[in-house]
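Undergrad:
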Amino acid sequence: DSGVTQTPKHLITATGQRVTLRCSPRSGDLSVYWYQQSLDQGLQFLIQYYNGEERAKGNILERFSAQQFPDLHSELNLSSLELGDSALYFCASSGEDSTGELFFGEGSRLTVL
Amino acid sequence: DAKTTQPPSMDCAEGRAANLPCNHSTISGNEYVYWYRQIHSQGPQYIIHGLKNNETNEMASLIITEDRKSSTLILPHATLRDTAVYYCIVSLRPGNTGKLIFGQGTTLQVKP
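Top to bottom, those sequences are chains W and H.
Heads up, the first sequence is in this note's numbering, so the first residue is 19 and it goes up one at a time.
Heads up, the second sequence is in this note's numbering, so the first residue is 79 and it goes up one at a time.
Here is the structure:
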């Protein structure tokens, strides 16, 4: 158990819809990262937040947005969903210790029909 | 972020050492070498990381060449549960300005 909690574990929805994925980082971790893993793209870095502020951005679509709240949990919002958005979405967190290790959650599997 | 090159797949006999190579010829002086693995569709799991020196922990050993252009992850006694995709990543430390960019990794198949 990494200590990172993601909900929901599975989600099935239709094209055009909007969903929200939630991530609770390890206790005390200030950084949250979102990754997307689809069959043909591998693990793609989407975005990083640090203590509520956006720190780094990767290949995140304009239809996607994220935020980190004062209690440090994070949400990834996916809108106008397309079939190609079907993927595993992972959240990870890291602390301010010396290792720089990321702790990943078990992911949210999104299926768009 | 520096790019890495890994073989797409490798086999290893159970109980033997698994040696997974990684080339990172464009690594900069302040970038670390990180190794993660992903078992089936679970969340990636941190294994080990290093900057210049060789490192060892309860899971594996990391050997970094003197010029830092390549490294090898060693699983000393591979078991069937070590079958996974292994990712070699070079990055500044995450949490600062670094972000881990995953490549295609090496699929390690441990065989009985």
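Glycine is no exception: its CB is placed at the ideal position from the N, C-alpha and C atoms.
From a predicted model like this one, the values you see are computed outputs, not experimental measurements.
#1: So residue 99 of chain H is in the beta strand (DSSP E); what residue range does that whole segment cover?
#2: Tell me, which residues are paired with residue 127 of chain H by DSSP?
#3: Would residue 106 of chain H pass as an interface residue toward chain W - the criterion being a Cβ-Cβ separation below 9 Å?
#4: Between residue 89 of chain H and the ligand GTP, is there a pair consisting of the residue's CB and a ligand heavy atom that are separated by less than 8 Å?
#5: By DSSP, does residue 21 of chain W sit in helix, in strand, or in coil?
#6: Is it the case that the Cβ atoms of residue 150 of chain H and residue 158 of chain H are separated by a distance below 9 Å?
#7: Please report the distance separating the alpha-carbon of residue 133 of chain W from that of residue 45 of chain W.
#8: Between which two residues does the beta strand (DSSP E) holding residue 105 of chain W run?
#9: Going along chain H, which residues have a C-beta under 9 Å from residue 57 of chain W?
#10: Determine, using beta carbons only, whether residue 128 of chain W and residue 61 of chain W come nearer to each other than 9 Å.
#11: I'd like to know whether the C-beta of residue 179 of chain H is nearer than 9 Å to at least one C-beta of chain W.
#12: Go through its chain and collect everything with a Cβ distance to residue 133 of chain H's Cβ below 6 Å, but skip five positions before and after it.
#13: Nearest CA to the CA of residue 81 of chain H: which residue from H:104, H:99, H:94 and H:91?
#14: For residue 73 of chain W, count neighbouring Cβ atoms within 10 angstroms of its own Cβ and tell me buried if that reaches 16, exposed if not.
#15: With DSSP run on the structure shown, which of helix, strand or coil describes residue 171 of chain H?
#16: For residue 160 of chain H, does the count of other Cβ atoms within 10 angstroms reach 16, so buried, or fall short, so exposed?
TA: On the basis of the coordinates in this document:
#1: 96 to 101
#2: H:112
#3: no
#4: By its list of ligands, the structure shown contains no ligand whatsoever, and the ligand GTP lies outside what it can speak to.
#5: coil
#6: no
#7: Nothing can be reported for residue 133 of chain W, as the shown portion of chain W is limited to 19 through 131.
#8: 105 to 112
#9: Per Cβ cutoff of 9 Å: no residues; residue 57 of chain W is ~10 Å from chain H at best.
#10: no
#11: yes
#12: 126 and 140
#13: H:104
#14: buried
#15: coil
#16: buried
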